[in-house]
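In my numbering, the protein residues as written are 1 to 417. The C-beta atom is built at its ideal place from N, Cα and C for all residues, glycine as well. None of these values were measured; they are calculated from a predicted model. Below: the structure, in structure tokens.
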Ligand code: AMP
Ligand code: GLY
């Protein structure tokens, strides 16, 4: 099978890495990709948001499966354009991707499906904003209704900051009850009816150690979660994932692709913080590091509506940790164009247990240079989280990128350190 992956971050590098290890994959292409993906896939400089162009490329390449990584192309209808030319596509339709594209839509689906989530108000005027902030009290949770690359949410006890962010969103704003408790990301593959959960992971959203600093796209992740209730996946399947997929099916806009449930484990039970319509980044890096089942067949079953034929997923016993190396000034105004050194040393000394997945990187002659906020996702496996963590940080220490930053506490607590 020839597979075309759309996107160019570390999530897509993780997808491409797994697909390249699948014996059923005879050719692997990526658009637009990055420097690291270019080592396992042939790159095409096509605009990921242009559905017609992606569909044309997939046709020219004779792709048997297109996998869309990021949310923006999904919300723009790229999966629909690919399916329209008769090629199976892993990723929901534009309409179903609204589950991520509009927080208000997600809340509506959850209400209809009886899915547990924080109480919320959708506000459009300054008066409504003030009323909602007043009704919930501090800490305030203010969310831009639309896509904001993980940066549209402000959680603060400062009323002025909460109000300022709400007004700055400019359109619809969701103001929500604060949900206390550890967060879990649980992904499920679905063909619109059958739902197959993956293994839970935890992401570190704040920029700095100790969960300080601004929200980011994610600074690291680990899996499994030794502290989680063993019944968590079954519970979330029954109360969140299956009811949500069933509700979208009932509405005539089935969701086929990856349903990402961002959960808070509160003292009153599990609550959905958000849905995403695609694999999470950086959680995918650790989830796929642990998945033994070949990826292409699984994604193809979801794309073709035959997920009920997929045998039970197989997982490694290993733990996995990923540490994001970000550029100077991420997430505000990341500096790009800095050379990255040490990649060969990791490949020579840390493989196969540790490896570097590229996010914002590109080739500049013989050099690899930074080209985005999150630059690398250094991933490692081990017999437990402590070993995976040690291997990941040993590899991080070999990377040289001027002004770069990373958290030093990814999976520390979960590893019992
Ligand atoms: P989101 O973009 O919805 O994932 O939000 C980004 C981050 O903001 C989440 O991962 C949480 O850490 C935090 N957050 C979002 N909603 C809430 C909430 N209702 N209560 C507490 N924290 C929240
Ligand atoms: N890691 C958070 C996300 O992918 O949205």
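Taking 8 Å as the upper bound for CB-CB distance, residue 28 and residue 41 are in contact here, some 4 Å apart. A Cβ-Cβ separation of about 4 Å places residue 274 in contact with residue 262 under the 8 Å criterion.
Secondary-structure assignment with DSSP links residue 260 through a beta bridge to 187 and 276. In this structure, the C-beta of residue 274 approaches ligand 1 to less than 6 Å from one of its heavy atoms. Residue 20 places its beta carbon 7 Å or farther from that of residue 295. Per the coordinates, the alpha-carbon of residue 342 lies some 5 Å from the alpha-carbon of residue 398.
Just measuring C-alpha positions, the residue of 173, 225 and 67 sitting nearest residue 319 is 225.
The stretch 153-231 contains, as complete beta strand (DSSP E) runs of 3+ residues, the segments 153-156, 173-176, 183-190, 195-197, 206-208, 212-215 and 220-223 (chain order).
For residue 179, the Cβ falls inside the 6 Å cut-off from some heavy atom of ligand 1. Across the set 181, 288 and 277, the C-alpha of 288 shows the shortest separation from the C-alpha of residue 223. The stretch 85-94 and the stretch 298-312 touch, with no fewer than 3 CB-CB distances between them shorter than 8 Å. The beta carbons of residue 93 and residue 253 sit about 7 Å from each other, so the pair counts as a contact at 8 Å. Counting every other CB atom within 10 Å of its CB across the protein chains shown gives residue 157 a total below 16, marking it as exposed.
The continuous alpha helix (DSSP H) containing residue 109 extends over residues 103-113. DSSP lists 321 and 354 as the beta-bridge partner residues of residue 380.
Using a Cβ distance threshold of 7 Å, residue 101 and residue 122 do not count as a contacting pair. Non-local beta-carbon contacts of residue 59 in its own chain, meaning distances under 6 Å to residues more than five positions away in sequence, involve 85 in chain order.
With a cutoff of 6 Å, residue 280 counts as near ligand 2, since its C-beta is closer than that to a heavy atom of the ligand.
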